[in-house]
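Protein chains: 2
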Amino acid sequence: MVASCSTSSLSFGAARISSGKSSKKRISSLSSSSSSSSSSSQQRVMMTGRAQQQRVKAMAIADTDAEIDFAKYVKEKNAAIEQALSDSVPTIYPERLHESMRYSLLAGGKRIRPCLAIAACEMVGGKQEVVMPTACALEMIHTMSLIHDDLPMMDNDDFRRGVPTNHKVYGEEMAILAGDALLSHAFEYIARETKGVEAEKILRVIADVGKCVGSEGLVGGQVVDIESEGLAMEGKPVSLETLKYIHAHKTGALLETAVVSGAILGGGTEEDIERLGKYAYDIGLAFQVVDDILDCTATSEELGKTAGKDVAVGKATYPSLLGLEESQRIADELIKSAKEQLSVYDQKKAAPLIGLADYIKNRKN
Amino acid sequence: MVASCSTSSLSFGAARISSGKSSKKRISSLSSSSSSSSSSSQQRVMMTGRAQQQRVKAMAIADTDAEIDFAKYVKEKNAAIEQALSDSVPTIYPERLHESMRYSLLAGGKRIRPCLAIAACEMVGGKQEVVMPTACALEMIHTMSLIHDDLPMMDNDDFRRGVPTNHKVYGEEMAILAGDALLSHAFEYIARETKGVEAEKILRVIADVGKCVGSEGLVGGQVVDIESEGLAMEGKPVSLETLKYIHAHKTGALLETAVVSGAILGGGTEEDIERLGKYAYDIGLAFQVVDDILDCTATSEELGKTAGKDVAVGKATYPSLLGLEESQRIADELIKSAKEQLSVYDQKKAAPLIGLADYIKNRKN
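First to last, the protein sequences are chains A and B.
Quick note on numbering: the numbering used here labels position 310 of the first sequence as 310, and the sequence is numbered without any gaps.
Quick note on numbering: the numbering used here labels position 92 of the second sequence as 457, and the sequence is numbered without any gaps.
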């Protein structure tokens with residue numbers, strides 16, 4: 001049952017990468033989407049050039065119809081998301097704190113969580129603007145978790161998305177405080193900026209987002225991950241059940257709350273919300289299983305970070321516990337199950353979510 | 366204008382300290398107020414014995430009628446607050462994370478923020494239960510800020526309230542994550558647990574709390590404080606305006622949101638909310654001015670922490686900028702102004718808030 005992925009000869013996926021050239025042409029406008037009127041925003045656009053290139057590369061795998069739909073959808077939404085994110089944290093006093101928050105918030109990234117939230121909202125008949133504050137809030141929370149994760153006392157990373165990590169630029173004290181400020185601002189922003197929807201629904205979203213971030217969500221997953229690493233170093237193997245918990249919470253919870261929030265705010269029925277919750281759980285877990293697979297099949301260049309890191313530190317992954325083939329089968333099953341949840345909807349309206357599922361399955365970084 | 370408090374012979378306040386013996390007798394039941402049915406809570410009660418003693422000491426200054434009213438009020442509310450706090454973070458999986466959160470959340474403290482929220486709610490005619498989730502949330506947020514502040518990369522404190530700081534017991538990674546979890550749980554808790562009040566009001570409270578914690582509140586104040594320390598070390602003096610910003614934000618904001626949240630959830634009118642907001646701003650600033658005064662007039666034993674620390678590190682304080690006498694005059698003015706806001710209310714109903722103002726003015730630690 002236990003197999004180290006580094007010994008496997010499987011390397012599925014790599015063949016799907018489009019050439020950088022054609023992909024850049026296909027969605028070239030993505031690179032100019034972080035527009036903002038302020039001079040510091042212009043600076044940020046310059047500073048995040050590499051991050052934007054990475055995003056373009058990430059979107060360059062759209063080689064199925066569904067994925068093309070998703071790439072188009074992302075392209076269409078991207079400018080609005082970047083603008084909304086820039087507006088959500090203006091550079092006010094104390095400036096250096098707000099610059100630190102903006103440095104990481106506007107550092108590019110795939111914006112999967114905002115896209116998921118908007119796509120779910122629109123699929124059930126809602127308008128983009130009702131979910132945009134929540135979409136921004138989810139990105140603030142995701143950014144907070146990255147800033148805190150990168151700290152020397154945590155993962156001790158010097159680079160993120162091709163640029164120095166927050167604490168390398170602003171110092172450790174500022175990094176921890178910028179994370180705290182982004183986290184509290186996220187909830188304030190949902191509560192204050194969500195318009196045109198019943199207050200009860202907004203409260204439900206806040207409760208759901210809070211749970212998905214906290215000790216029963218993202219943070220809970222991180223803690224079990226750290227504890228499992230400690231146990232692994234003592235030679236105590238991590239069970240598949242524990243690994244599933246880590247994946248479902250550390251990454252899955254925030255993706256899930258993105259989709260569910262979109263469904264709630266978009267006016268979805270309880271059935272819609274339940275179906276989309278299942279879809280999100282499946283793609284969230286699939287996202288992380290694919291991450292495990294990529295860690296031992298993709299090159300560092302493809303990943304934009306050190307490949308084989310999990311294997312090097314003896315970390316439990318799906319491939320290390322189940323082998324590559326079984327891991328890929330599970331990822332395929334999860335994506336299939338996720339898409340089945342969408343089968344009852346108008347397939348045109350569901351196209352972005354179907355495309356995202358394919359994107360997660362086939363992603364190369 | 367600039368005067369070092371260490372050279373002053375003023376030592377107002379010390380004469381007000383009651384003997385430990387009589388004060389312990391007066392509010393002795395406080396020490397058994399952290400009751401909980403779970404065994405880990407019982408452990409906590411034992412572990413926080415010193416913290417409880419400190420609280421008893423803190424309440425021992427009730428030598429005006431108003432302060433006696435406040436001490437009675439705190440005594441009356443304390444058991445309910447401690448029980449609600451214990452219930453708000455149960456020891457579920459992952460247990461060590463939840464233990465870490467509970468370790469700091471249930472470590473005693475004066476519970477001023479919950480008391481303020483409940484007192485404001487009741488004064489405008491609301492019931493305790495509608496504000497209790499928010500009262501707990503404010504204590505979660507306060508606790509988060511203490512856990513993160515104590516980290517080696519921040520203030521590097523080994524002890525808090527007489528017991529080892531969170532990271533000394535659970536490690537730095539867990540401490541930062543426990544703080545993050547408490548912060549997100551705070552907002553989830555308000556959204557999910559507040560009952561019997563219109564959803565719009567709960568949203569207003571969440572937006573207000575978020576602002577008072579984030580970059581325009583507590584965190585903003587911390588950042589300006591850190592930056593000012595840096596400037597002071599370069600020989601650049603801190604202005605009174607900046608010091609006022611630091612105090613009003615670092616400490617005042619959370620006290621203010623406690624009172625305002627209580628007024629909103631208790632069904633106060635816009636006039637009530639505005640009046641109580643002003644009251645809270647005044648007592649919040651007074652709290653910090655008194656803190657500055659105590660740093661250079663009280664003994665370490667009285668404070669329960671190192672006295673003269675601000676002076677030793679050359680930190681700007683009210684006494685260092687304005688002298689002790691003027692600082693005390695300002696504190697007195699602020700308390701007087703705070704009480705004036707309460708003059709339109711039934712003085713019996715306003716007694717806890719009046720008493721709290723006196724307590725802040727006369728406190729010894």
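All C-beta atoms in this analysis are idealised placements derived from N, C-alpha and C, irrespective of residue type, glycine included.
Source: prediction; values computed, not measured.
Cβ-Cβ distance between residue 282(A) and residue 338(A) below 7 Å: Taking a C-beta distance under 7 Å as the contact criterion, residue 282(A) and residue 338(A) qualify as a contact pair.
Start and end residues, alpha helix (DSSP H) containing residue 331(A): Segment 324-341, the alpha helix (DSSP H) holding residue 331(A).
Span separating the alpha-carbon of residue 195(A) from that of residue 443(B): Whole-angstrom Cα-Cα distance: 38 Å.
Boundaries of the alpha helix (DSSP H) in which residue 737(B) is found, first to last residue: There is simply no residue 737(B) to check, as chain B begins at 366 and stops at 730 in what is shown.
CB contact below 7 Å: residue 188(A) versus chain B: Yes, because at least one Cβ of chain B sits closer than 7 Å to the Cβ of residue 188(A).
Of the listed residues 493(B), 584(B), 462(B) and 447(B), nearest to residue 476(B) (C-alpha basis): Residue 447(B) is the option with its Cα nearest to residue 476(B).
Interface positions of the stretch 145-173 of chain A facing chain B (Cβ-Cβ less than 9 Å), listed along the chain: If the cut-off is 9 Å between Cβ atoms, the stretch 145-173 of chain A has 145, 148, 151, 152, 153, 154, 167, 171, 172 and 173 near chain B.
Integer-rounded CB distance, given that residue 258(A) should sit under 8 Å from residue 113(A): The beta-carbon separation of residue 113(A) and residue 258(A), rounded to 4 Å, stays under the 8 Å limit for a contact.
Contacts of residue 222(A) in chain B (Cβ-Cβ under 7 Å): Chain B residues near residue 222(A): 542.
Residue 58(A), DSSP secondary structure in three states: Its pLDDT being 42, under 50, residue 58(A) is placed unreliably by the model, and nothing is read from it.
Beta-carbon separation (whole angstroms), residue 167(A) vs residue 175(A), contact threshold 8 Å: Between residue 175(A) and residue 167(A) the Cβ distance is about 4 Å, and since that is below 8 Å, they are a contact.
Cβ pair residue 657(B), residue 683(B) closer than 7 Å: Contact: yes.
With 16 other Cβ atoms within 10 Å as the buried cut-off, status of residue 348(A): Label assigned to residue 348(A): exposed.
Nearest residue (CA-CA) to residue 449(B), options 462(B), 458(B) and 498(B): With distances taken between CA atoms, residue 449(B) lies nearest to 498(B) out of 462(B), 458(B) and 498(B).
First through last residue of the alpha helix (DSSP H) which encompasses residue 92(A): From DSSP, residue 92(A) is part of no alpha helix (DSSP H); its letter is neither H nor E.
Nonlocal neighbours in the same chain, by C-beta distance under 7 Å from residue 567(B), ignoring five residues either side: The beta carbon of residue 567(B) sits closer than 7 Å to those of 555, 556 and 559, all from its chain and outside the five residues before and after it, given in chain order.
Interface residues of chain B facing residue 202(A) [CB-CB closer than 7 Å]: Residues of chain B passing the Cβ test: 568.
Cβ-based contacts, 7 Å cut-off: residues of the stretch 611-638 of chain B near chain A: Those residues of the stretch 611-638 of chain B placed with their C-beta closer than 7 Å to a C-beta in chain A do not exist.
Any non-hydrogen atom of the ligand MN within 6 Å of residue 277(A) CB: This structure lacks the ligand MN, and indeed carries no ligand of any kind.
Contact with chain A by residue 482(B), beta-carbon distance below 7 Å: For residue 482(B), the answer is no, since every Cβ of chain A falls outside 7 Å of its Cβ.
Beta-bridge pairing of residue 164(A) - partner residues as DSSP gives them: Paired residues: 159(A).
Boundaries (first-last residue) of the alpha helix (DSSP H) holding residue 720(B): 716-727 is the span of the alpha helix (DSSP H), which, as asked, contains residue 720(B).
Amino acids of chain B, ordered along the chain, whose beta-carbon sits closer than 7 Å to that of residue 81(A): Per Cβ cutoff of 7 Å: no residues; residue 81(A) is ~21 Å from chain B at best.
Exposed unless 16 or more other CB atoms sit within 10 angstroms - verdict on residue 377(A): Because chain A here runs from 1 to 365, residue 377(A) falls outside it and cannot be looked at.
Own chain, CB closer than 7 Å to residue 512(B), minus 5 neighbours either side, in chain order: Excluding positions up to five away in sequence, the list reads 469, 531, 540, 543 and 544.
Anticipated Cβ contact below 8 Å, residue 231(A) with residue 321(A), distance rounded: Incorrect: roughly 14 Å between the Cβ atoms, too far for contact.
Residue 619(B) versus 593(B), 590(B), 628(B) and 649(B), residue with shortest Cα-Cα distance: Here the closest residue by C-alpha is 649(B).
Per-residue DSSP class, three states only, for residue 587(B): Assignment of residue 587(B) by DSSP, reduced to helix, strand and coil, places it in the helix class.
Residue 174(A) - DSSP class collapsed to helix/strand/coil: Here residue 174(A) carries a helix assignment [DSSP, helix/strand/coil].
Check whether residue 351(A) and residue 69(A) have beta carbons under 7 Å apart: In contact: residue 351(A) and residue 69(A) (Cβ atoms closer than 7 Å).
The stretch 627-646 of chain B contacting the stretch 483-496 of chain B, beta-carbon criterion three pairs below 8 Å: Below 8 Å, enough C-beta pairs join the stretch 627-646 of chain B and the stretch 483-496 of chain B to call them touching: three or more.
Buried or exposed (CB count within 10 angstroms, at least 16 for buried), residue 366(A): Residue 366(A) cannot be examined here, being either before or after the span of chain A that is shown, 1 to 365.
Three CB pairs or more closer than 8 Å across the stretch 598-613 of chain B and the stretch 222-237 of chain A: These segments do not touch.
Residue 249(A) beta carbon less than 7 Å from that of residue 277(A): Their beta carbons are not under 7 Å apart, which means residue 277(A) does not touch residue 249(A) by this criterion.
Candidates 705(B), 706(B), 710(B) and 699(B), of which the one nearest residue 726(B) by Cα: Closest option to residue 726(B), Cα to Cα, is 699(B).
Run of the alpha helix (DSSP H) containing residue 640(B), from where it starts to where it stops: Looking at the DSSP string, the run of the alpha helix (DSSP H) that includes residue 640(B) is 635-660.
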